[in-house]
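Listed in order, the protein sequences are those of chains A and B.
Heads up: the first sequence runs through residues 80 to 263, numbered per the numbering used here.
Heads up: the second sequence runs through residues 80 to 263, numbered per the numbering used here.
All residues carry an ideal CB built from backbone N, CA and C; glycine is no exception.
Small disclaimer: the values here were computed from a predicted structure and weren't measured.
Protein chains: 2
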Amino acid sequence: MPRTPGQRAGLTYDAVLAAARDVFAERGRAGLSMRSVAAQLGVAPNALYSHVADKTALVDALLDDVLGTLAPPSADADPTTGLRDVMLATFDLLVARPGLVPAYLERQGARGPRARALGEAMTVLLARLGVGEDAAGRVVRALIVHTLGYAALATADDATLSPAQLRADLEVTLDWLLVGASGS
Amino acid sequence: MPRTPGQRAGLTYDAVLAAARDVFAERGRAGLSMRSVAAQLGVAPNALYSHVADKTALVDALLDDVLGTLAPPSADADPTTGLRDVMLATFDLLVARPGLVPAYLERQGARGPRARALGEAMTVLLARLGVGEDAAGRVVRALIVHTLGYAALATADDATLSPAQLRADLEVTLDWLLVGASGS
DNA sequence: GGACGAACTGTACACCGTCCAGTACGCTGG
DNA sequence: CCAGCGTACTGGACGGTGTACAGTTCGTCC
Numbered sequence: 080m081p082r083t084p085g086q087r088a089g090l091t092y093d094a095v096l097a098a099a100r101d102v103f104a105e106r107g108r109a110g111l112s113m114r115s116v117a118a119q120l121g122v123a124p125n126a127l128y129s130h131v132a133d134k135t136a137l138v139d140a141l142l143d144d145v146l147g148t149l150a151p152p153s154a155d156a157d158p159t160t161g162l163r164d165v166m167l168a169t170f171d172l173l174v175a176r177p178g179l180v181p182a183y184l185e186r187q188g189a190r191g192p193r194a195r196a197l198g199e200a201m202t203v204l205l206a207r208l209g210v211g212e213d214a215a216g217r218v219v220r221a222l223i224v225h226t227l228g229y230a231a232l233a234t235a236d237d238a239t240l241s242p243a244q245l246r247a248d249l250e251v252t253l254d255w256l257l258v259g260a261s262g263s
Numbered sequence: 080m081p082r083t084p085g086q087r088a089g090l091t092y093d094a095v096l097a098a099a100r101d102v103f104a105e106r107g108r109a110g111l112s113m114r115s116v117a118a119q120l121g122v123a124p125n126a127l128y129s130h131v132a133d134k135t136a137l138v139d140a141l142l143d144d145v146l147g148t149l150a151p152p153s154a155d156a157d158p159t160t161g162l163r164d165v166m167l168a169t170f171d172l173l174v175a176r177p178g179l180v181p182a183y184l185e186r187q188g189a190r191g192p193r194a195r196a197l198g199e200a201m202t203v204l205l206a207r208l209g210v211g212e213d214a215a216g217r218v219v220r221a222l223i224v225h226t227l228g229y230a231a232l233a234t235a236d237d238a239t240l241s242p243a244q245l246r247a248d249l250e251v252t253l254d255w256l257l258v259g260a261s262g263s
């Protein structure tokens, strides 16, 4: 429904974010453009810039949003399995929504509030493994890098290995990292 | 120097690749476009398509080319340090040329002949560590994913950690992986 | 009620990858 | 030696991108 200039469409930041999520879900990462999001809202492309600084800011918000659907590890579970399970859940999440991984890679990881919250939950578990606060950062980084990398392999266009195989591999190599972390 | 249509500029595949390398070195990944490469050669943009299928094919070739500057691990070195050194050299290579990492991430890793050669050299070393041929693939993958990920962190725009710190972290976590690999 | 700031519009700029049709060259067969 | 052909190149264009600029109109506050 076209509007005469100046009229308010009632956009909000959240509405823009929701529209971006819809477009991403329907048309994938390649189909996510300022114009497509604006079209989804029935609005001129540049209208989005009243609510969002950049395209990159928009996808950053979108990516962090996705992380919110991840159940944080319960603090009283066995630390090792708890950590492994979060990372495997992350892997599953990324693999289930193709196109998500390239977006994360392009932004070289998410730094939003949800990402930070997850990191802190992991740090708590690591503390119970005997890993100090300073070393915890290193371990969290290692686990995340590893998991994201395997998700990237699993969703690559010319993937020679099945996601299931890679998931099994990830499980093994995560354990290597966790063993190394707790033994140092 | 403009040419009348039909005249030959004497382009070759290698010349295009070299021009791409130059443009990349000078203007980085964002500045690498078909048009900029063509301009570097004094040629119309679409002239490149006589020698290169795609832009993606061009950057794939470019990325694999870069890997050629990496010294393969000597087969008679200590396997563990040999493997660690290749990965650290890879890290250094990626960090030294900013913009390289995003390109690799975008293509989700290199699959060219040089990449394969490196992988095979690593497999040889792993065999001397007692890692069978089938498991070697898994370990090589883990090491590469890990290294590339750390290089990504080191070259991220908002990098909070210095490359040197990350390199040290990488050294530690690579050892965790190698210990896990040889102990299984 | 008049001013103001913000939300929106149309338009436009500077790019991008790539396709299409044409042209002129180099090579090869006769 | 010359005709013909394949191909390396050209100009031009298409459809797309992110985003800046200026204008219009609305809701709100003094």
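Looking at the backbone, the Cα of M201(A) and that of L162(A) are separated by about 7 Å. Pairing G209(B) with D254(B), the inter-Cα distance amounts to about 16 Å.
Put simply, the region 215–224 of chain B does not touch the region 176–183 of chain B. Fewer than three CB pairs are less than 8 Å apart.
Under a 10 Å Cβ-count criterion, S241(A) is classified as exposed, with fewer than 16 other Cβ atoms of the shown protein chains found around its own Cβ. At least one CB atom of chain A sits nearer than 7 Å to the CB of L256(B). For Q119(A), the uninterrupted alpha helix (DSSP H) run begins and ends at 113–120, by DSSP. Assignment of L90(A) by DSSP, reduced to helix, strand and coil, places it in the coil class. In this structure, DSSP gives D171(A) a helical state, which the three-state scheme calls helix. If you look at H225(A), you'll find it in the alpha helix (DSSP H) that goes 212–234. Think of a sphere of 8 Å around the beta carbon of D248(A): the chain B residues whose beta carbon falls inside it are R217, R220, A221, in chain order.
Across the structure, G147(A) and V180(B) are spaced so that their CA atoms are roughly 27 Å apart. Between L120(A) and the set V102(A), V219(A), G262(A), the nearest pair of CA atoms involves V102(A). Closer than 7 Å to the CB of G191(B) there is not a single CB belonging to chain A. Exposure of S112(B) is indicated by the presence of fewer than 16 other C-beta atoms within 10 angstroms of its C-beta. Along the region 117–166 of chain B, the alpha helix (DSSP H) occurs as fully enclosed runs of 4 or more residues at 134–146, listed in sequence order. The residue from R100(A), L141(A), E250(A) with its alpha-carbon nearest to that of D164(A) is E250(A). Annotation for L240(A): no alpha helix (DSSP H) segment contains it, and DSSP assigns it neither H nor E.
At least one C-beta of chain B is nearer than 7 Å to the C-beta of Q187(A).
Here the alpha carbon of G191(A) sits roughly 20 Å from the alpha carbon of A230(A). L142(B) is not a Cβ neighbour of Y92(B), given a cutoff of 7 Å. Rounded to whole angstroms, T252(B) and S263(A) show a C-alpha spacing of 11 Å. Interface flag for V174(B) against chain A is unset, since no Cβ pair is found closer than 7 Å. For the region 126–158 of chain B, the beta-carbon criterion of a distance under 8 Å to any beta-carbon of chain A is satisfied by none of its residues.
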